[in-house]
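Q: Structure in structure tokens, see below.
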């Protein structure tokens with residue numbers, strides 16, 4: 003039966019209308035995979051000697067084992083975003099006399115052969131060989147390597163459980179980020195030393211191999227839990243059953259105070275809150291707001307004043323960047339119908355400008371507690387917020403007139419590059435690097451206060467000439483209207 007499944011997948015791949023594209027992608031992924039294999043091989047063969055040179059009084063075997071907790075977190079995060087369950091096209095098989103157990107076992111068994119499970123072996127095996135050649139006990143090293151292999155498989159099946167749980171919620175990838183971040187913080191601040199617990203557990207297994215039964219039982223339990231989840235979804239009626247959801251309404255009457263912009267703002271807010279791709283931008287705002295906590299607690303960054311502007315632009319403009327770079331592609335699904343309506347294009351664009359400006363103000367106010375790290379940081383964030391409203395908002399809206407790729411709002415945002423083109427990559431230069439360069443150069447030549455004043459001044463000039471700039475942007479959108487209608491009518 004396994005041979006038959008493999009044969010079906012082989013035919014499915016080569017008989018697909020996009021098989022040339024699939025091959026090209028697989029070649030690129032193969033080259034990237036070879037690069038990763040080379041890096042892991044270098045790490046596995048050189049880790050012992052690097053640790054021995056850097057920490058001559060420490061045991062490399064113990065040092066590597068103490069860092070396994072961090073490797074597990076990084077591995078789980080990488081799997082969540084990049085590894086997907088190798089599900090077959092099982093719907094045609096549901097009406098055939100094939101046992102569901104065989105299908106599920108094949109899918110789970112195939113997942114064990116994933117590249118993510120083989121990649122760590124290129125570091126584990128060379129490092130184990132180096133340990134044995136340096137007079138470490140062979141049985142101890144082999145038990146250690148076997149334990150890590152079992153842990154790799156545990157991560158493999160744990161990832162699929164997390165994916166299935168996140169798929170049932172609208173929070174997408176936030177739970178895994180929150181959990182991983184919490185575990186890292188608890189360990190980093192020594193509230194609960196997970197690295198020490200895992201290290202001691204692995205060393206206990208190497209000293210008493212009978213304890214290897216513990217990770218084996220965990221692996222078996224996760225396998226059967228995955229088996230249960232997949233088997234419950236392998237029914238014909240589940241695949242054809244309509245999803246029933248309770249309709250929810252949101253009071254958006256507060257937008258009426260914006261007059262003629264209100265209908266467009268309401269449409270944008272409903273789009274953001276009701277679609278998977280756009281909804282992901284809302285919880286991500288928390289990550290943008292807390293971005294400074296990755297830098298400001300470190301004393302080395304507090305002396306890099308040129309970084310304050312970069313963090314301020316990113317923190318206060320996170321929604322502006324994520325939402326604005328896809329204007330008007332958010333409306334690509336019904337752009338032709340939208341352009342046939344009787345309204346002024348300038349109102350349509352001003353409503354989006356208003357949303358982005360409001361988000362900058364809200365994120366700045368929520369980021370006021372950054373004053374804890376110094377008044378200079380808050381002042382730089384204020385200057386960055388003014389610059390975002392006066393300059394970056396206009397820049398990103400002008401860049402949107404070059405968007406030509408349709409966006410599927412039903413797809414999640416995590417590592418989703420659908421609808422992304424050269425515009426989204428190039429727009430980062432004027433949005434982030436230019437203000438950072440201006441602030442850093444002025445700070446170096448004239449001082450921090452002058453650098454802040456320059457950013458605020460540039461932002462105020464943009465706000466002062468807002469109407470003129472909007473006229474120029476609107477004219478560009480109108481000139482590109484029919485090109486965008488044609489482009490959005492095609493599938494990427």
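Numbering (our numbering), first residue to last: 3 to 494.
Glycine included, each C-beta is placed from N, C-alpha and C at the ideal position.
Only counting the same chain, and skipping five residues up and downstream in sequence, which positions put a Cβ closer than 7 Å to that of residue 211?
A: 145
Q: Inspect the CB distances between the segment 189–199 and the segment 125–132 and report whether three or more fall short of 8 Å.
A: no
Q: Threshold first: 4 residues or longer. Then list the alpha helix (DSSP H) segments lying entirely within the segment 266–329, N to C.
A: 278–281, 283–291, 301–304, 308–318, 320–326
Q: Can you tell me which of the three DSSP states residue 195 falls into?
A: In the structure shown, residue 195 sits in coil (DSSP, three-state: anything other than H, G, I, E or B).
Q: Residue 138 by DSSP, collapsed to three states: which one?
A: coil
Q: Could you tell me the boundaries of the alpha helix (DSSP H) in which residue 478 lies?
A: 468–490
Q: From residue 44 to residue 55, what does the alpha carbon distance come to, in whole angstroms?
A: Approximately 16 Å between the Cα atoms of the pair.
Q: State the CB to CB distance for the pair residue 400 and residue 266, rounded to an integer number of angstroms; the pair is presumed to be in contact (CB under 8 Å).
A: With 8 Å as the limit, residue 400 and residue 266 do not qualify as a contact, their Cβ atoms being about 18 Å apart.
Q: What would DSSP say about residue 57, mapped onto helix, strand or coil?
A: Three-state DSSP puts residue 57 in coil, outside helix and strand.
Q: Could you give the C-beta distance for residue 35 and residue 118, rounded to a whole number, given that I count them as a contact under 8 Å?
A: With a Cβ gap of about 10 Å, residue 35 and residue 118 do not count as contacting.
Q: Pick out whichever of 155, 142, 159 has its Cα sitting closest to the Cα of residue 206.
A: The residue with the shortest Cα to Cα distance from residue 206 is 142.
Q: Hey, is the segment 330–340 in contact with the segment 445–453, meaning 3+ C-beta pairs nearer than 8 Å?
A: Under the 8 Å Cβ criterion, the segment 330–340 does not count as touching the segment 445–453, having fewer than three qualifying pairs.
Q: Report yes if the CB atom of residue 337 is closer than 8 Å to the CB atom of residue 486, and no otherwise.
A: yes
Q: Who are the near neighbours of residue 442 in its chain, counting only those whose CB is closer than 7 Å to its CB and skipping five residues on each side?
A: Closer than 7 Å at the Cβ level, and outside the excluded window around residue 442, lie 308.
Q: If you reduce the DSSP assignment to three classes, tell me which class residue 376 lands in.
A: coil
Q: Does DSSP classify residue 114 as helix, strand or coil?
A: coil
Q: In or out: residue 421 buried (at least 16 other Cβ within 10 Å) or exposed?
A: At residue 421, the pLDDT of 47 sits below 50, so the modelled position is not reliable; the number obtained from the coordinates is stated separately. Flag for residue 421 reads buried.
Q: Who are the near neighbours of residue 353 in its chain, counting only those whose CB is closer than 6 Å to its CB and skipping five residues on each side?
A: So the list reads 263, 266, 267, once near-sequence residues are dropped.
Q: May I ask you to report which of helix, strand or coil DSSP gives residue 342?
A: Here DSSP, grouped into helix, strand and coil, assigns residue 342 to coil.
Q: Within a Cβ cutoff of 7 Å, which residues of the same chain sit near residue 229, ignoring the five residues on either side of it in sequence?
A: The residues are 106, 110.
Q: Candidates 234, 326, 480: which alpha carbon is nearest residue 345's?
A: 480
Q: Alpha carbon to alpha carbon, what distance is there between residue 137 and residue 38?
A: 29 Å
Q: Determine the DSSP secondary structure at residue 406, reduced to helix, strand or coil.
A: coil
Q: I need the boundaries of the alpha helix (DSSP H) containing residue 260, first residue and last residue.
A: According to the DSSP assignment, residue 260 belongs to no alpha helix (DSSP H), since it is labelled neither H nor E.
Q: Where residue 1 and residue 489 are concerned, what is the direct C-alpha to C-alpha distance, given to the nearest angstrom?
A: Because the chain here runs from 3 to 494, residue 1 falls outside it and cannot be looked at.
Q: Looking at residue 433: is its Cβ nearer than 8 Å to the Cβ of residue 409?
A: no
Q: So the candidates are 67, 65, 51, 182; which of them puts its Cα closest to the Cα of residue 135?
A: Residue 135 has its Cα closest to that of 51, out of 67, 65, 51, 182.
Q: Compare the beta carbon distance of residue 189 and residue 355 with 8 Å and say whether it is the shorter of the two.
A: Contact flag unset, no.
Q: Just to confirm, is the Cβ distance from residue 368 to residue 273 under 8 Å?
A: Not closer than 8 Å, so no.
Q: Pick from 140, 124, 365, 78: whose alpha carbon is nearest that of residue 153?
A: 78
Q: If you draw a straight line from the alpha carbon of residue 227 to that of residue 277, how long is it in whole angstroms?
A: Their backbone Cα atoms lie some 30 Å apart in a straight line.
Q: Quick one: grab the DSSP three-state call for residue 371.
A: Three-state result, residue 371: helix.
Q: In the structure shown, what three-state DSSP assignment does residue 69 receive?
A: coil
Q: Helix, strand or coil for residue 122, going by three-state DSSP, please let me know.
A: coil
Q: Examine the ligand NAD and report whether any of its heavy atoms sits within less than 7 Å of the Cβ of residue 333.
A: This structure lacks the ligand NAD, and indeed carries no ligand of any kind.
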